[in-house]
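Undergrad: In this note's numbering, the protein residues as written are 13 to 286.
Don't be surprised by glycine CBs; every beta carbon is placed ideally from N, CA and C.
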Amino acid sequence: MEVMEMSSGLSEEARDKLEGFIVKTMAEAHVPGLSIALVKDGEVVYARGFGARNLEKNVPATPNTLYGVGSCTKSFTALAIMQLVEEGRLDLEDPVGKYVPLKLGMKEKPIRIHHLLTHSSGIPSLGVAVILITRMTGREEHWIPMSSLEDFLRHLNGASGEVAAEPGERFFYFNSGYTLLGEVVERVSGMRYEEYVRERILKPLRMNRSTFLKEEFEKDPDTMTAYWKEKDGSLTPTVHPFHKFIYAPGGLLSSVMELTNYLTMNINGGVFEG
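1) Give me whichever residues DSSP pairs with Asn66 in a beta bridge.
2) Any beta carbon from chain C within less than 9 Å of Ser160's own beta carbon?
3) Leaving out the 5 sequence neighbours to the left and right, which residues in its chain are closer than 8 Å to Ser133 when beta-carbon positions are compared?
4) To the nearest angstrom, how far is the alpha carbon of Arg212 from that of Gly263?
5) Just to confirm before moving on: does the CB-CB distance between Thr74 and Ser47 stay below 9 Å?
6) For Thr223, which residues in the same chain have their Cβ closer than 7 Å to its Cβ, ignoring the five residues on either side in sequence?
7) Distance, Cα to Cα, Glu242 vs Asp232?
8) Figure out for me which residue from Tyr239, Val43, Gly21, Leu275 has the closest Cα to the Cα of Val218.
9) Once DSSP output is grouped into helix, strand and coil, what is the label at Arg101?
10) Distance check for Val81 and Pro113, CA to CA, integer angstroms please.
11) Quick one: residues in its chain with C-beta nearer than 6 Å to the C-beta of Asn280, no 5 flanking neighbours on either side, listed in chain order?
12) How is Lys256 classed by DSSP in three states: helix, strand or coil?
13) Beta-carbon separation of Met269 and Asn66 under 9 Å?
14) Excluding the 5 residues flanking Gly63 on each side, which residues of the same chain have their C-beta closer than 8 Å to its C-beta?
15) Contact defined as beta carbons within less than 8 Å: I believe Ala92 pairs with Val251. What is the distance between those atoms, to the nearest angstrom?
16) Can you list, in chain order, the residues of its chain whose CB lies under 7 Å from that of Gly109, leaving out five sequence neighbours each side?
17) As a quick exercise: from Tyr58, Val197, Lys119, pick the residue whose alpha carbon is nearest that of Ile125.
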């Protein structure tokens, strides 16, 4: 469905106020392009792209432009975990070590599935996402092996001195916890994480263009160009980082139009077009 602009559900005054705020904020923050959609009573009442999805070619953003949705992906990972919980295939109280050889944490109080979901494992960020993103975009090279699950687990298990609290006591945003949850999804379901999310979540929601995969993203005709914002505010084109360890914590690419289906499902208590 090709949607360039939709605003039938907003008054002219409300639309002008919203669009004025967006344009002003984009200019102040040096945002090259964005897309937005508003949902009311299960219907999309406003959708529009602003700015450019590619500055060099001056290609406009649309409501169908695919963007990296970042940590919104974590909600898809949490949904995958909860589907498996509802099916009785795992339990929120299960120690993470039941599924992956995680030694990090306290033996007498193991990190459990629900601790990773709620960022309450007691482990602060260990920088895996930064290592991978800066390496893959060519911004900086961190000489830390991170090409296999063994490398990833070695990095985590070697950081025992970084444990800052007992599980459940404090909140520390922990990207790698969601990488671990993605691995749990794979081991319990017998499917690759990205395959599970596609078959069990994206397809039922008709999010058919949403993807984790570089080859699918590059074939799509309406995609964003990734940029680094330099210290002076200028923008430098770069590549979007695709890596297995980024998938579950932040690797989904989607459009606001497809995400409205996901939003509607959540608003309706898990029901979509039912």
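TA: Taking the geometry as given:
1) Val71
2) Of the chains in the structure shown, none is chain C; there is only one protein chain.
3) Gly117, Ile123, His127, Pro179, Phe184, Phe186, Gly189
4) 17 Å
5) yes
6) Phe229, Leu265
7) 28 Å
8) For clarity, residue 218 is Arg in the given sequence; the question names Val instead. Measuring from the Cα of Arg218, the nearest candidate turns out to be Leu275.
9) coil
10) 29 Å
11) none
12) helix
13) no
14) Met38, Val43, Pro44, Gly45, Leu46, Pro72, Ala73
15) 27 Å between Cβ atoms; not a contact.
16) Pro122
17) Val197
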